[in-house]
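Asker:
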Amino acid sequence: MISAWMFVSAIACGNTFVLKPSEKDPSAALFLAELMQEAGLPAGVLNIINGNGATVDRLITHPKVAAVSAVGSTAAAEHIYQTAIAHGKRAHTFGGAKNHCVITPDADIDEAVDAILGAAYGAAGERCMAVSVVVAITDTVGDALVQRLKEKIPQLQIAAGTESRADFGPLVTKEHLAKSLTPIFI
Numbered sequence: 000m001i002s003a004w005m006f007v008s009a010i011a012c013g014n015t016f017v018l019k020p021s022e023k024d025p026s027a028a029l030f031l032a033e034l035m036q037e038a039g040l041p042a043g044v045l046n047i048i049n050g051n052g053a054t055v056d057r058l059i060t061h062p063k064v065a066a067v068s069a070v071g072s073t074a075a076a077e078h079i080y081q082t083a084i085a086h087g088k089r090a091h092t093f094g095g096a097k098n099h100c101v102i103t104p105d106a107d108i109d110e111a112v113d114a115i116l117g118a119a120y121g122a123a124g125e126r127c128m129a130v131s132v133v134v135a136i137t138d139t140v141g142d143a144l145v146q147r148l149k150e151k152i153p154q155l156q157i158a159a160g161t162e163s164r165a166d167f168g169p170l171v172t173k174e175h176l177a178k179s180l181t182p183i184f185i
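This is the structure:
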């Protein structure tokens with residue numbers, strides 16, 4: 000999601016763009032690149048490179064790379080930032096986002112629940128704008144949210160992300176599964 004925001008601005012300003020997506024799930028970046036080619040973007044303007052941390056380090060330290068932007072875990076963002084500035088690059092990193100959703104007493108509870116479900120379960124919970132904290136301003140609002148969430152969560156359809164019926168796609172690693180099975184206390 001953020002990658003599309005970044006490369007469009009960079010290209011509009013006359014730059015080429017190298018995108019290194021997560022090695023665990025690069026398909027969205029590859030799909031975006033295909034769409035850009037179909038739209039007429041010249042070859043070599045948007046470049047997708049797959050790889051791991053070593054690939055990231057080679058990109059960051061390459062003499063023709065002037066600026067680096069990254070979204071990821073706190074540890075990854077810190078590493079990328081420190082490596083980039085040590086090599087005289089401009090750096091813009093986002094790590095470990097904790098996005099909050101505040102529900103006030105005048106909120107439409109059904110709309111709030113739909114927004115929470117989309118933010119929590121969309122993209123298998125892996126989008127950088129996923130909501131990890133919901134704050135209900137009153138106990139009444141909190142109780143209503145919990146009740147509606149308990150009703151709606153079991154109705155979510157788990158399917159491949161390419162299927163239109165999918166509310167929640169598959170997790171990409173055993174680590175993601177283990178984290179998802181960690182108890183959640185309300």
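Sequence positions in the sequence shown follow numbering that gives the first Met the number 0 and run 0 to 185. Where a beta carbon is used, it is the ideal one built from N, C-alpha and C, also for glycine. Since this is a predicted model, take the numbers as computed values, not measurements.
I believe Ala111 touches Ala118 by the beta-carbon criterion, under 8 Å. Please report the beta-carbon distance rounded to the nearest angstrom.
Answerer: That belief does not hold up - the Cβ atoms of Ala111 and Ala118 are roughly 11 Å apart, past 8 Å.
Asker: On the DSSP bridge assignment, give the partners of Leu180 in chain order.
Answerer: Partner(s): none; Leu180 has no beta bridge.
Asker: Got a sec? Which residues, its chain only, sit under 7 Å from Leu29 by beta carbon, not counting five neighbours each side?
Answerer: Around Leu29: Ile47.
Asker: Does the separation of the CB atoms of Ile136 and Pro104 fall below 9 Å?
Answerer: In contact: Ile136 and Pro104 (Cβ atoms closer than 9 Å).
Asker: With 16 other CB atoms within 10 Å as the buried threshold, where does Lys149 fall?
Answerer: exposed
Asker: Closer than 6 Å by C-beta to Thr218: which residues in its own chain qualify, once you throw out the five before and the five after it? Chain order, please.
Answerer: The requested residue 218 does not occur in the structure, where the chain is confined to residues 0 to 185.
Asker: What's the call for Val140, buried or exposed, on a 16-neighbour Cβ count within 10 Å?
Answerer: Buried, by the Cβ-count rule.
Asker: Could you check what DSSP says for Leu45 in three-state terms: helix, strand or coil?
Answerer: strand
Asker: Whose C-alpha, out of Gly71, Val44, Asp107, is nearest the C-alpha of Cys12?
Answerer: Val44
Asker: Would the beta-carbon of Ser2 fall within 9 Å of that of Pro20?
Answerer: yes
Asker: Whose C-alpha, out of Val55, Ile108, Val64, Gly71, is nearest the C-alpha of Arg89?
Answerer: Val64
Asker: Give the single residue among Val134, Lys23, Ala177 whose Cα lies nearest to the Cα of His99.
Answerer: Val134
Asker: Considering Gly141, what are the terminal residues of the alpha helix (DSSP H) in which it resides?
Answerer: 138 to 151
Asker: Starting from Ser21, trace the beta strand (DSSP E) in both directions and tell me its first and last residue.
Answerer: Per DSSP, Ser21 belongs to no beta strand (DSSP E) and is neither H nor E.
Asker: Please report the distance separating the alpha-carbon of Lys23 from that of Asp109.
Answerer: 34 Å
Asker: For Val112, list the residues DSSP reports as bridge partners.
Answerer: Paired residues: none, contrary to the question.
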